[in-house]
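If you're matching them up, the sequences are chains A and B in order. Mapping of the first sequence onto numbering that gives the first Met the number 0: position 152 corresponds to residue 151, and the numbering continues sequentially without gaps. Mapping of the second sequence onto numbering that gives the first Met the number 0: position 34 corresponds to residue 33, and the numbering continues sequentially without gaps. Even for Gly, the Cβ is constructed at its ideal location relative to N, Cα and C. What you are looking at is a predicted structure, and each value in this text was computed from that prediction instead of being measured. Have a look at the structure below before the remarks.
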Amino acid sequence: MHIVSRGWLLVLLAALLPGSGPLYAQATRNPSIDYKAVPKLEEMKDRPAAPDFTLSNPDGKKLSLKDYRGKLVFLNFWATWCEFCREEMPAMERLYREFKNQGFEVLAVNVKDKRSDALAFVKKLKLTYPIMVDPEGEIGLLYGAFGMPTTYLIDEKGMVLARLWGPADWYSPGARNLIKALLEKKQ
Amino acid sequence: MGISANVGFSQKAFADFLKLNFPLLSDFPDLKAIQAYGVLNAERKLAQRSYFIVDKQGVVRYKKILGRGEPLVPNDTLLAELKKIN
Numbered sequence: 000m001h002i003v004s005r006g007w008l009l010v011l012l013a014a015l016l017p018g019s020g021p022l023y024a025q026a027t028r029n030p031s032i033d034y035k036a037v038p039k040l041e042e043m044k045d046r047p048a049a050p051d052f053t054l055s056n057p058d059g060k061k062l063s064l065k066d067y068r069g070k071l072v073f074l075n076f077w078a079t080w081c082e083f084c085r086e087e088m089p090a091m092e093r094l095y096r097e098f099k100n101q102g103f104e105v106l107a108v109n110v111k112d113k114r115s116d117a118l119a120f121v122k123k124l125k126l127t128y129p130i131m132v133d134p135e136g137e138i139g140l141l142y143g144a145f146g147m148p149t150t151y152l153i154d155e156k157g158m159v160l161a162r163l164w165g166p167a168d169w170y171s172p173g174a175r176n177l178i179k180a181l182l183e184k185k186q
Numbered sequence: 000m001g002i003s004a005n006v007g008f009s010q011k012a013f014a015d016f017l018k019l020n021f022p023l024l025s026d027f028p029d030l031k032a033i034q035a036y037g038v039l040n041a042e043r044k045l046a047q048r049s050y051f052i053v054d055k056q057g058v059v060r061y062k063k064i065l066g067r068g069e070p071l072v073p074n075d076t077l078l079a080e081l082k083k084i085n
């Protein structure tokens with residue numbers, strides 16, 4: 000056990016020395032993924048497959064989760080009557096704008112809401128990421144959105160990386176670093 | 000154990016959310032167990048809320064199928080039924 004600890008120390012020192020060769024280069028190319036940087040975000044270590052679903056956007060166009068394979072997907076369940084959802088959505092928009100051209104997608108599923116309320120809210124906040132409507136809450140139930148907001152991070156192969164029940168500051172340095180690191184890992 | 004017509008992904012989320020310490024089994028898509036116990040809501044393809052106590056010999060010793068809006072069976076009642084078997 001002592002030998003193992005010493006070995007880890009040696010690796011760490013080598014990685015910290017500027018320009019110290021392959022280890023340093025590897026550390027900068029593959030930043031560590033810190034899910035704990037977002038409070039209460041829970042890594043799904045068994046990486047379950049995210050069930051596919053198809054819903055309409057507010058204009059009636061059908062969208063499916065599988066259409067977004069190849070991207071890092073931020074799947075969020077929300078409703079206009081959910082105060083915490085309303086609070087976190089502007090930060091989600093900022094996160095989306097920062098990373099959308101790097102293979103990041105936000106999908107916001109509006110659950111058990113009036114379509115007119117959802118549309119008015121999206122317009123008021125000038126949200127630009129895709130909105131899907133789930134008036135009966137069937138997809139919300141499928142994903143365990145028993146309380147909202149509920150958010151899943153899904154990798155480019157459609158596997159769930161992490162889940163969060165509750166709100167978060169999605170434009171915090173920790174959240175941005177996490178998304179950045181996941182996108183860099185994807186590449 | 001709990002059995003439902005939900006997919007495993009949904010059941011796991013439910014179990015995690017409620018921190019359940021007993022297994023949930025998915026009867027999706029065939030609904031065979033739900034049909035075998037006579038609790039299929041055919042219209043909605045869901046299990047009716049119901050309770051079964053099965054003894055060590057595999058005999059059903061207690062059965063309660065709830066109607067729509069009917070309150071849940073209290074734990075005390077279920078424990079009393081279990082005591083009758085023991």
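Using a Cβ distance threshold of 7 angstroms, residue 27 (chain B) and residue 4 (chain B) count as a contacting pair.
Rounded to the nearest angstrom, the gap between the Cα atoms of residue 84 (chain B) and residue 64 (chain B) is 20 angstroms. Boundaries cannot be given for residue 19 (chain B), as no beta strand (DSSP E) includes it and DSSP labels it neither H nor E. Going by DSSP, residue 77 (chain B) is part of the alpha helix (DSSP H) stretching over 74 to 84.
Nearest to residue 107 (chain A) by C-alpha distance, out of A:180, A:76, A:40, A:113, is A:76. In the DSSP assignment, residue 110 (chain A) falls outside any alpha helix (DSSP H) and within the unbroken beta strand (DSSP E) covering 103 to 110. Close CB contacts of residue 128 (chain A) within its chain, under the 8 angstroms cut and outside five residues either way in sequence, are with 91, 92, 95, 99, 104, 105, 106, 107 (chain order).
Between residue 38 (chain B) and residue 46 (chain B), the CB-CB gap stays under 7 angstroms. Using a Cβ-Cβ cut-off of 7 angstroms, residue 21 (chain B) does not count as an interface residue toward chain A, since no Cβ of chain A sits closer than that to its own. Counting only runs of 4+ residues, the alpha helix (DSSP H) found wholly inside the region 98 to 158 of chain A occupies 114 to 124, 137 to 141, in chain order. Close CB contacts of residue 134 (chain A) within its chain, under the 6 angstroms cut and outside five residues either way in sequence, are absent.
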